[in-house]
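Here is the structure we will look at, set down as structure tokens.
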Amino acid sequence: MDLTLSLILQIFYVIANLALISLGLAIIFGMMRVINLAHGEFLMLGGYTVVVATNNGVNLWFAMLVLAPVVVGAIGVVVERLLIRWLYGRMIDTLLATWGLSLFFIGIITTIFGASTSTTISPPLGVVSIGEYTSSGYEMLLIGITAGLLVAVYLVLKYTALGLVARGTMQNPDMAAALGVSTSRIYMITFGLGAAISGFAGGLLAPVTGVLPTIGAIYIAKAFITVISGGASILAGTASASILLGGINGVVTFLTGPTLGEVALLAAAIILLRFMPTGITGRLFRKSQ
Amino acid sequence: MNGMFGQFRGTLFAALLALIFTIAAPSILEFFTIITLTQVIGLSILALSLALIWGYGGILCFGQTAFFGLGAYSYAIAAVNIGGSTGAMFIAVAVAAAFAAVLGYFAFYGKISDVYLAVITLTVSLIMYSLIRRTSGPEYKIGDALLGGFNGTGAPPLNVPGNAGAVLFPEHTFYVAMVALILLYVFCGWLVNTHFGRVCVSIRENEIRAELLGYDTRAYKLGIFTVGAAVAAIGGIFFCIGVTRVTPDVFSLGQASLTIIWVIVGGRGTLAGPVLAAFGLYYLTASLGTQQVVNTSLVLGIILIAFVLLAPRGVVPGIEKLATARRAGRRNRAKERRMRLRKPRGGISEDRHETG
Amino acid sequence: MRRGEVVLETRSLSMHFGGVRAVDRVDFQLWENELRCLIGPNGAGKSTFFKCLTGQLVPTIGDVVIRDIHVAGREPHEVAGLGVGIKTQVPNVFDGLTTRENIWLSCRRWHGARRTDALTSETIERLQLGEFRSRQVGSLSHGQRQWVELGMVVAAQPWLVLLDEPAAGMTHEETDRTAELIREINEDAAMIVVEHDMNFIRRISKKVTLFHEGRILMEGTMDAISKDRRARDVYLGHRA
Amino acid sequence: MTINRRKFLAAGATAALAAPFYARLGLADDPIKFVSILDQTGGLDIYGRPMVETTKMAIDEMNAAGGLLGRQIDLKVYDPQSSIQFYTQYATQAAAGDRADTVHAGITSASREAIRPTLFRYETLYFYNVQYEGGVCDINNFCTGSTPAQTVEKLVPYCMGKWGKKVYIIAADYNYGQITAQWVQKYVRDNGGEAVETEFFPLDVTNFGPTIKKIQAARPDMVMSALVGGAHVSFYRQYAAAGMNASVPIASTTFGVGNEHRLISAEEGNGIICAYSYFEEIPSEANMSFVKRFKDRLGDDAPGLNELAARSYEGAYLWAEGVKAAGSVDRMQVIDALRTGIGYDGPSGRVQIEPKTNHAVQNVYLAELQNQSFNIIETYENQPPSDTLLVCDLVADPTQSTFKFENGLKAAGIDI
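Taken in order, these protein sequences are the chains called A, B, C and D.
Mapping of the first sequence onto the working numbering: residues 23 to 311, in sequence order.
Mapping of the second sequence onto the working numbering: residues 37 to 392, in sequence order.
Mapping of the third sequence onto the working numbering: residues 38 to 277, in sequence order.
Mapping of the fourth sequence onto the working numbering: residues 50 to 465, in sequence order.
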């Protein structure tokens, strides 16, 4: 019983983890149709922000909750202004550009900080006990933060003027421009927001996984598959794909081992795409298209 | 025929240049360069295969590496078991083509949209990556061939057909690989000029129209997809012979992205461009790895970013465009001006990739 | 010539989108060598009906029969494969290819290589497309692209032709030539033309079918329809 | 398959092909060519960069001391960027292009297996200075790193004696992890213990939650880890975050070699016991001097030193000992000299080639992690490569060039 309960919590964490690493990518891909191959490096930059800040005496919570999203969000805005905005309407070319960007970030971080960086941070908040089983309190907190983040993004998109304009611009740039909205500005803000959320996620995960310049490569494939499986709707898609894929991954990992867990995740994604070629939300929530 | 269809003469000319290069290689290149060329040729055949199905067939296959890797692994496993390379090559091509036919059948007859086809093929490649890395235990054997998991498995060298003992020297393997590249290049150039190829191009341009003309677009797409997979598999064979080994990395996201990047850099709608891009990027990366001054990733990243900003149409179409503009300019400047006042050329065919 | 056999027939054809019945139990017949115009206000269901005929949509209920072959639910290429020429509403051409290549592809579906070359040249001559023969279709004007598409339909020498708004967006002069071409095509083929432009219809039509709210409101000559009150209400009602 | 160089040169028909080849054959007072091929970018850079730095240091020191045989040593470093295809490229370039006198290369077994046949074919001496799973049997290839039997054999009984007999094994899912796990199982059995579970993890897994739950359910006395790489560092963090490091201690033959002990915090790592043939903290004179010279060289940026880094340094010196003993850089003469039992006394103690396997007899240390640094708790001197010795005898057959992956396990009595 205790095992079941703590295992369920664990699977929630797997799901939250997947949603957390995918959301930034989902926003940029869903709203701008830009496949950001440097997504993993945005996560990495978030992690580095936290590690470098805490190594210099900054409070861990401040570094994770404020510094990481702000720094990476700012980097995102700069990237959008200098690079991405020249490529709108050339979706495939953004693949090449962001691939280059990904290499650039890895290279620059390795040049500055070396191949690995010592850290002193560890997950805060101690241990949560369920009977004889213990879980990391911080991991439980991450479940809550992820849920909160999804709700916050939902509220921003749904109820703020910015969200409405952004959704309109993504649907039809010409129309929005005719209404006097600066599409260029909207794209910049969207890309910055996506980057900030990736940085936020990377910062939150830094105490759990540690940071390396090359750690982005571990995330990108998984995030990509989650976003595509989710389909057109950014939030409902990311959430539902995370639940499905993360749930399958967590259960299979526990039952058979981590390798089959990974394979099960990918196989589920393929089967999903075979029967719902436009992703989960494409089939189930038509309105969100 | 001219325009898109009329490039076959150019193809033959490029093939002739490549043939001259092959013959001249020993006197212009260093010995070690020649023997390491085999793996680069393998990669460039992979680029050719994607140039065919994406550039001409309009099928953005993000996971072309699935067939490349499948070809390489099938070859290595078959060659170890048969004890000779000739039959193994045929088996490898057949395995990859059959796999592509099944995958393509589900995708095209299931009416999966362009973008999702890209993602599904990528996912297939990543699944293979995960699965093959699972096989590091000694229990994972196919016949006599140990799969080796993460470490991969050895790829036997080429031998003279019918005589498994007569193994080719690496420099001779280079000739075989180069001839294979040239033949495949000419084959692809010929294919896109056949009726079949032209219909594939028309499907790229406008699938609904092609269908309304009475062409079964699913069958054509499946056809060119399968041919592309077979070509990619041949690339995989030469790649693993060149490396002497095949590892799961052939299926990785990195290799998959790189394949797309060759076609973008070389230019969509040409066959020679992506092939040259594969060569160029390989030697750029390889030469960066010989220096100790700056971080390799950093330099490569900057070059790619600069490229996408400065040469958006890819190298070969960019050069072609320059050349055409100059020639046309000499012939009739006034007419050119009139045309430019209307719509920008080619904009519409590019737009297709953004929808979906 | 008049009243040979029925070449195209729909039997209680219905197309529902969610709760909306875009086409509602339509029984329709087209006779050999007939030229029929489908008219109706926006949203009357004529374009949906057209797409059910061409295989672009699978009807919810009912059947489409072309020369005794049931085609409802078949793929568009199977419909076209019966010798049916189809032109859709927006100019549906191969933008990246030249005019000549566009038309060549249409001919080649039916003929060998040599016959195709001859037929392609013939079609280009007939439609006076020679000037744009080697131009990429994407760089042509809207009306010119419509003509290229008509050329593709003609080049295949179909016995049944389905046209959706062939004169849309054309200049006055182009419209005249289109009307002439349609009459020419009709000498060898039965036709269905979906059209908005009443003047254009007057010039080509013999019999007109008026759609309203997914059903056939009435059929008759253009003169008869334009005198009918119900027909005027349908149009006026929507204009208001 | 071997190209005989003399035959090659004699053959007039191939003269055109060989032209750039023999033009590069060096004169007597040309610098000696030493090539290093190690990943400095990509996922393996955490291992490769320290190895390159110590290699550079070794060559600089040798040159400062007057070189070898009166000739300077020219070090050429290639970065294969964590990609197997570039290993083949650079190995061929080193052998057939640079005409290297020795090549020190490779981190993963995959990279070693990609270049070993090439270097054998082109008769270029090859050193592989990395801890690996054992089983290489190649006259041309000296493997100086520790192998499982050397480290696991000491670590398992020590830790079982200290913590208890129920062992939970977790390992990276590739050859090294698989084989090491087999050896761990064998030594657990041999010492009267029980391996309750063995789990393998793909190298990109970062979420160990489900496994930690399984460990909690299985209640072992200790966890034996052969996890590898940047992603797997997460395990130690998540394990500590679940409060497990206090109750079930960890032993490892892989932790620390990628500087893992500095990537996690002190509290998370305290108490982990590891076995290697080198630790930066070895209190010997030779090592303290080595560490000091290294830190002086690189200043604050100096990476931590581990077995791979130290052995790269020692591997270069071991080769130099061979050259000195042979009085020549000729490949076969150096190979023969190295196999006579000469050794090098380096920071890790004495390293000496065992002639049956071309592997190294070396010291093995056990150390416990406290505050991000290792305290040496046991030293075992002159440990032979007993696993590879079971399957390889280059004295009986000095023409071999193979990798006996399965046989090593079979000979050890491990079922496969």
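Ideal Cβ positions, reconstructed from N, Cα and C, are used throughout, including at glycine.
Exercise for the section: Measure from the alpha carbon of Arg55 of chain A to the alpha carbon of each residue in A:Glu161, A:Phe213, A:Asn81, then state which is nearest. Expected result: The candidate whose alpha carbon is nearest that of Arg55 of chain A is A:Phe213.
Practice task
For the segment 164-186 of chain D, enumerate the residues whose C-beta is nearer than 7 Å to any C-beta of chain B, in chain order.
Solution key: Residues passing the 7 Å Cβ filter: Pro166, Thr167.
Handout entry: Helix, strand or coil at Asp187 of chain D according to DSSP, with G and I counted as helix
Key = Looking at Asp187 of chain D - three-state DSSP - the assignment turns out to be strand.
Handout entry: Integer Cβ distance of Gly159 of chain A from Gly148 of chain A, believed to fall under 8 Å
Key = With a beta-carbon spacing of about 5 Å, Gly159 of chain A and Gly148 of chain A fall inside the 8 Å limit used to define contacts.
Handout entry: Those residues which DSSP pairs with Leu307 of chain B across a bridge
Key = The bridge partners DSSP lists for Leu307 of chain B come to none.
Practice task
Would you mind listing the beta strand (DSSP E) stretches within the segment 259-345 of chain B that are 3+ residues and don't spill past its ends, in chain order?
Solution key: If we require 3 residues or more, the segment 259-345 of chain B turns out to have no beta strand (DSSP E) run fully inside it.
Practice task
State yes or no: is the C-beta of Cys74 of chain C within less than 8 Å of the C-beta of Ser242 of chain C?
Solution key: Ser242 of chain C is positioned such that its CB atom lies closer than 8 Å to that of Cys74 of chain C.
Handout entry: Classification of Pro129 of chain D by the beta-carbon crowding that lies within 10 angstroms, buried from 16 upward
Key = Buried: at least 16 other Cβ atoms inside 10 Å.
Problem - Assigned secondary structure, Asp213 of chain C (DSSP; H/G/I helix, E/B strand, else coil) - result: Residue state, collapsed to three classes: helix.
Handout entry: Of the residues C:Gln194, C:Gly56, C:Arg62, the one placed nearest Ile98 of chain C, counting alpha carbons only
Key = Cα-wise, what sits closest to Ile98 of chain C is C:Arg62.
Practice task
Verify the CB distance criterion: does Ala358 of chain D have a CB-CB separation below 8 Å to chain B?
Solution key: No, because no Cβ of chain B sits closer than 8 Å to the Cβ of Ala358 of chain D.
Practice task
Return no unless some Cβ of chain B is closer than 8 Å to the Cβ of Met38 of chain C.
Solution key: Confidence at Met38 of chain C is low in this model, with a pLDDT of 41, below 50, so the placement of that residue is unreliable and no value is reported for it.
Exercise for the section: Could you pull out every residue in the same chain whose Cβ sits closer than 6 Å to the Cβ of Phe70 of chain D, ignoring the five residues on either side in sequence? Expected result: With a pLDDT of 40 at Phe70 of chain D, under the threshold of 50, the modelled position of this residue cannot be trusted; read the value that follows with caution. Excluding residues within five positions, none has a Cβ falling inside 6 Å.
Problem - Cβ-based burial, Leu53 of chain B [other Cβ within 10 Å; buried from 16] - result: Only exposed fits Leu53 of chain B, as fewer than 16 other CB atoms lie within 10 angstroms of its CB.
Exercise for the section: Whole angstroms is fine: what's the gap from Met113 of chain A's alpha carbon to Ile57 of chain A's? Expected result: Answer to the nearest angstrom: the Cα atoms are 7 Å apart.
Exercise for the section: Flag this pair as yes or no: are the beta carbons of Asp10 of chain A and Glu161 of chain A separated by less than 8 Å? Expected result: The question about residue 10 of chain A has no answer here: the residues shown for chain A are numbered 23 through 311.
Exercise for the section: State the Cα-Cα distance for the pair Ile339 of chain B and Gly122 of chain A, rounded to the nearest angstrom. Expected result: Note on geometry: alpha-carbon atoms of Ile339 of chain B and Gly122 of chain A lie some 8 Å from one another.
Exercise for the section: Note down, in chain order, every chain C residue with its Cβ under 7 Å from the Cβ of Tyr251 of chain B. Expected result: Within chain C, the residues near Tyr251 of chain B are His114, Arg146.
Problem - Closest by C-alpha distance to Leu67 of chain C, when choosing among C:Arg58, C:Ser171, C:Asn129, C:Glu256 - result: Of the listed residues, the one whose Cα sits closest to Leu67 of chain C is C:Glu256.
Exercise for the section: Examine chain C for any beta-carbon lying closer than 8 Å to the beta-carbon of Leu52 of chain B, and answer yes or no. Expected result: The C-beta of Leu52 of chain B comes no closer than 8 Å to any C-beta of chain C.
Practice task
Please report how far the alpha carbon of Gln100 of chain B lies from the alpha carbon of Thr157 of chain B, in whole angstroms.
Solution key: Taking the Cα positions, Gln100 of chain B is about 7 Å away from Thr157 of chain B.
Handout entry: Cross-chain neighbours of Ser158 of chain D in chain B, by beta carbon under 7 Å
Key = Residues of chain B passing the Cβ test: Asn187.
Problem - Members of the segment 234-249 of chain B near chain C, C-beta cut-off 8 Å - result: Under the 8 Å Cβ criterion, the segment 234-249 of chain B contributes Arg234, Val235, Val237, Ser238, Arg240, Glu241, Asn242, Ile244, Arg245, Ala246, Glu247, Leu248, Leu249.
Handout entry: Test: Asp132 of chain C CB closer than 8 Å to a CB of chain B
Key = Yes - at least one Cβ of chain B is within 8 Å of the one on Asp132 of chain C.
Practice task
At 3 residues or longer, and completely inside the segment 136-222 of chain C: list those beta strand (DSSP E) runs for me, N to C.
Solution key: Whole beta strand (DSSP E) segments, 3+ residues: 197-201.
Exercise for the section: With distances taken Cα to Cα, identify the nearest neighbour of Ala375 of chain D among D:Asp350, D:Ile331, D:Gly390, D:Tyr362. Expected result: For the residues D:Asp350, D:Ile331, D:Gly390, D:Tyr362, the minimum Cα distance to Ala375 of chain D belongs to D:Gly390.
Practice task
Take Leu289 of chain B and list the residues in its own chain whose beta-carbon comes closer than 7 Å to its own, dropping the five residues that flank it on each side.
Solution key: Excluding sequence neighbours, Leu289 of chain B sits near Leu162.
Problem - Three-way DSSP call (helix, strand, coil) for Thr167 of chain D in this model - result: In the structure shown, Thr167 of chain D sits in a helix (DSSP, three-state: H, G or I).
Handout entry: Cutoff 8 Å: Ile240 of chain A Cβ touching any chain D Cβ
Key = With 8 Å as the cut-off, Ile240 of chain A counts as an interface residue toward chain D.
Handout entry: Residues that Thr90 of chain D contacts on chain B, provided the C-beta gap is smaller than 7 Å
Key = Proximity of chain B to Thr90 of chain D at the Cβ level (cut-off 7 Å) is accounted for by Asn331, Thr332, Ser333, in chain order.
Practice task
Indicate the three-state DSSP secondary structure (helix, strand or coil) for Asp260 of chain C in the structure shown.
Solution key: Asp260 of chain C sits in a helix when the DSSP states are folded into three classes.
Problem - C-beta contact flag for Phe315 of chain B and Ala145 of chain D at 8 Å - result: Inclusion of Phe315 of chain B and Ala145 of chain D in the CB contact set at 8 Å is not warranted, their separation being larger than that value.
Exercise for the section: Evaluate Met381 of chain D with the Cβ neighbour count: other Cβ atoms within 10 Å of its Cβ, from every protein chain shown; 16 or more gives buried, anything less gives exposed. Expected result: Classification for Met381 of chain D: exposed.
Problem - Cα-Cα separation, Arg240 of chain B to Thr253 of chain B - result: A straight line joining the alpha-carbon of Arg240 of chain B with that of Thr253 of chain B spans about 10 Å.
Practice task
State the start and end residues of the unbroken alpha helix (DSSP H) segment that holds Phe232 of chain B.
Solution key: For Phe232 of chain B, the enclosing alpha helix (DSSP H) stretches over residues 231-241.
Practice task
Answer yes or no: does any C-beta atom of chain D fall closer than 8 Å to that of Thr295 of chain B?
Solution key: It does not; no Cβ of chain D falls within 8 Å.
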